[in-house]
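**Student:** Numbering (numbering that gives the first Met the number 0) for the sequence shown: 0 to 429.
The beta-carbon is built from N, C-alpha and C at its ideal position, and this holds for glycine as well.
Provided herewith is a single structure, encoded as structure tokens, for subsequent inquiry.
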Amino acid sequence: MAQKDILAQEDLEITAVTAGAAPVQLPGKVVSIFPALAHRNYQFYFAGQAISLVGFWLQAVGIGWLVFQLTHSAFWVGAVAAVGGLPFLFLATFAGVFIDRINKQKLLIITQIFEAIFATILGFLVISNQINLTLVILLAFASGVVGSFDLPARFAFIVEMIGKRDLASAVSLNAGIFNAARFIGPTIAGVIIASFGVGWAFILNGASYLPGIWAVAVILPVLNRKPEVNIHPLQSLKDGWIFILNDRKIRYLTILAAIGTILIAPYQTLMPPIAQKVFSSGAQGLGSLLSAAGAGSLLGAILTSALSRQKNKTPFIIWGLAISSISLILFSLNKNFLIAHILLFFTGFGTIMLASTLNTLVQLLTPDQMRGRIMAVYLTMFVGMMPVGNALAGVVAQRTSSLFAVGLGASLVLIFGIYFYIRGVFANLS
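Here it is as structure tokens:
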């Protein structure tokens with residue numbers, strides 16, 4: 000069946016399911032820039048995620064700050080972040096098989112409940128002065144286990160919410176709200192940590208999951224795919240890997256995601272020691288720096304969403320890779336606090352342009368019946384490799400400096416990008 004016919008069939012399914020559940024009417028210009036917001040389901044999801052993700056960034060900033068205050072070590076900041084990501088590295092691909100066989104909507108409700116519980120426990124441990132590095136590591140690991148199921152299910156569920164026609168817009172908007180929260184969250188975190196203590200950042204994160212749980216609960220899935228329950232789980236897992244290895248486009252998209260995660264993403268983890276040691280800044284300065292990157296990411300997400308129906312998305316990959324790596328290299332050579340904000344803004348802009356384009360293309364190229372497995376493998380490289388990157392960056396930072404570790408990773412990304420461009424890897428990725 001031709002792609003046009005498939006999209007037409009999906010439109011009929013969506014119309015049938017959402018009849019009587021009209022979306023909130025938005026101005027035409029808003030819908031033209033963000034087509035996904037025309038869907039009732041995505042409006043609920045967007046609202047719930049917007050609140051939950053602010054809480055996520057409260058936790059992300061708080062964890063780094065807490066570990067650095069407990070240890071005064073850039074190594075341990077990276078190590079704890081690595082521990083939180085290790086379960087994803089080893090469990091996500093198996094979780095993908097599980098996700099393809101169950102109701103993703105119910106799974107997302109369960110995972111968010113667990114994440115809320117973990118955040119609340121961490122907050123009370125800090126407030127009651129019962130916290131130590133071991134407990135932080137254990138809770139980070141537990142959260143990582145839950146995330147191994149949550150994130151692949153979340154990515155796979157997007158198509159079931161709105162179909163494929165506006166998938167690119169939805170992916171860009173997801174990145175947009177993530178980074179809008181990244182802009183707002185660290186600033187709020189800095190104020191909360193400085194005024195009330197880091198424990199309250201974790202408590203508020205726990206509470207922020209409630210709107211997200213409600214939003215997922217009221218969604219009416221529009222594309223219900225039949226799971227392959229008659230296929231052995233190990234065979235399902237094997238089929239997913241074979242598909243990725245044999246599909247040139249998805250294979251290279253996954254490799255690019257892994258490179259960016261290992262070599263660029265750790266700059267966020269190393270920001271607490273950079274803020275304190277390089278710029279002599281406290282929690283509010285840390286929040287300000289991370290917010291600058293978040294603002295750039297938000298602009299990148301808006302631009303990517305506005306151009307979401309452009310067929311050739313390869314330029315977004317090339318420009319995103321170039322802008323993020325060059326900006327981060329310049330950041331590693333800079334000691335001026337104001338200029339650091341500008342460079343992090345462009346880092347965030349390029350990073351989200353790259354990441355959202357990679358995510359969109361993988362989802363568009365993935366067969367519906369294998370979506371959980373393919374997204375799990377892709378996200379293992381995209382997210383699961385974060386502990387590898389964080390651990391390597393932490394070791395390099397401990398032996399040299401945090402800025403050197405950031406600059407080294409960005410330089411390697413730029414070198415890889417030039418090599419791939421010369422070899423023609425970017426050709427026809429769309």
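The alpha helix (DSSP H) with N102 in it runs from where to where?
**Tutor:** First-last for N102: undefined, no H or E at that position.
**Student:** Is it the case that the segment 280 to 292 contacts the segment 154 to 164, given that we only count it when at least three CB pairs across the two stretches are under 8 Å?
**Tutor:** no
**Student:** Could you give the first and the last residue of the continuous alpha helix (DSSP H) run that contains S287?
**Tutor:** A282 to A305
**Student:** What is the residue span of the alpha helix (DSSP H) that Q362 lies within?
**Tutor:** F336 to L364
**Student:** Since G371 is in the alpha helix (DSSP H), which residue starts that stretch and which ends it?
**Tutor:** For G371, the enclosing alpha helix (DSSP H) covers residues R370 to F381.
**Student:** So R164 is in the alpha helix (DSSP H); what residue range does that whole segment cover?
**Tutor:** Looking at the DSSP string, R164 is not in any alpha helix (DSSP H), and its letter there is neither H nor E.
**Student:** Hey, A292 and L343 are a contact pair by Cβ (cut 8 Å); roughly how many whole angstroms apart?
**Tutor:** 4 Å
**Student:** Of all the options R247, I62, S168 and K105, which has the alpha carbon lying nearest to the alpha carbon of I32?
**Tutor:** S168
**Student:** Hey, is V53's beta-carbon within less than 9 Å of any beta-carbon in chain B?
**Tutor:** Among the chains of the structure shown, chain B does not appear; only one protein chain is present.
**Student:** Taking the alpha carbon of H38 as the reference point, which residue from Q111, I161 and Q58 has its own alpha carbon closest?
**Tutor:** I161
**Student:** Grab the span of the alpha helix (DSSP H) containing M384 for me, first residue to last.
**Tutor:** Premise fails: M384 is in no alpha helix (DSSP H) and is neither H nor E.
**Student:** Would you mind sorting P359 into buried or exposed? The rule is 16 or more other CB atoms within 10 Å of its CB.
**Tutor:** Reading off the sequence shown, one finds Thr at residue 359, where the question assumed Pro. When all chains shown are included, T359 counts as buried.
**Student:** Just how far apart, CA to CA, sit T110 and I421?
**Tutor:** 43 Å
**Student:** Once DSSP output is grouped into helix, strand and coil, what is the label at I130?
**Tutor:** Coil at I130, not helix or strand.
**Student:** What's the gap between the Cα of I50 and the Cα of S401?
**Tutor:** Straight-line spacing of the CA atoms in I50 and S401 works out to 31 Å.
**Student:** Answer with buried or exposed for I414, where buried requires no fewer than 16 other C-beta atoms within 10 angstroms of its C-beta.
**Tutor:** exposed
**Student:** Excluding the 5 residues preceding and the 5 following T253 in the sequence, name in chain order all residues of the same chain whose CB lies nearer than 6 Å to its CB.
**Tutor:** Y377 and M380
**Student:** Would you kindly work out how many angstroms separate the C-alpha atoms of T399 and L244, rounded to a whole number?
**Tutor:** 37 Å
**Student:** What does the alpha-carbon distance come out to for the pair G349 and G408?
**Tutor:** Approximately 15 Å, taken between the alpha carbons.
**Student:** Within a Cβ cutoff of 6 Å, which residues of the same chain sit near Q8, ignoring the five residues on either side of it in sequence?
**Tutor:** In this prediction, Q8 scores a pLDDT of 45, lower than 50, which makes its location untrustworthy; no coordinate-derived value is stated.
**Student:** So which of N333, G347 and L357 has the shortest CA-CA distance to R250?
**Tutor:** L357
**Student:** Taking D238 as the reference, give the member of F45, W56 and F93 with the closest Cα.
**Tutor:** F93
**Student:** How would you call R247, buried or exposed, if buried means at least 16 neighbouring beta carbons within 10 angstroms?
**Tutor:** exposed
**Student:** Excluding the 5 residues preceding and the 5 following S171 in the sequence, name in chain order all residues of the same chain whose CB lies nearer than 6 Å to its CB.
**Tutor:** Excluding sequence neighbours, S171 sits near A300, T303, S304, S307 and S355.
**Student:** With DSSP as the reference, label F156 as helix, strand or coil.
**Tutor:** helix
**Student:** Classify S188 as helix, strand or coil using the three-state DSSP reduction.
**Tutor:** It is worth fixing the name first, because residue 188 is Ala in this sequence and not Ser. Three-state DSSP puts A188 in a helix.
**Student:** Looking only at its chain, what residues have a beta carbon closer than 8 Å to the beta carbon of S280, apart from the 5 residues adjacent to it on each side?
**Tutor:** A274, S287, L288 and F336
**Student:** Where does K237 fall in DSSP's three states?
**Tutor:** Under the three-state reduction of DSSP, K237 is assigned to helix.
**Student:** Just curious, the alpha helix (DSSP H) that I414 is in, first and last residue?
**Tutor:** S401 to R422
**Student:** Let me make sure I understand the geometry here. Which of L138, V394 and K276 has the alpha-carbon closest to that of A118?
**Tutor:** Put simply, of L138, V394 and K276 the residue whose alpha carbon is nearest the alpha carbon of A118 is L138.
**Student:** Cα separation between K163 and A115?
**Tutor:** 31 Å
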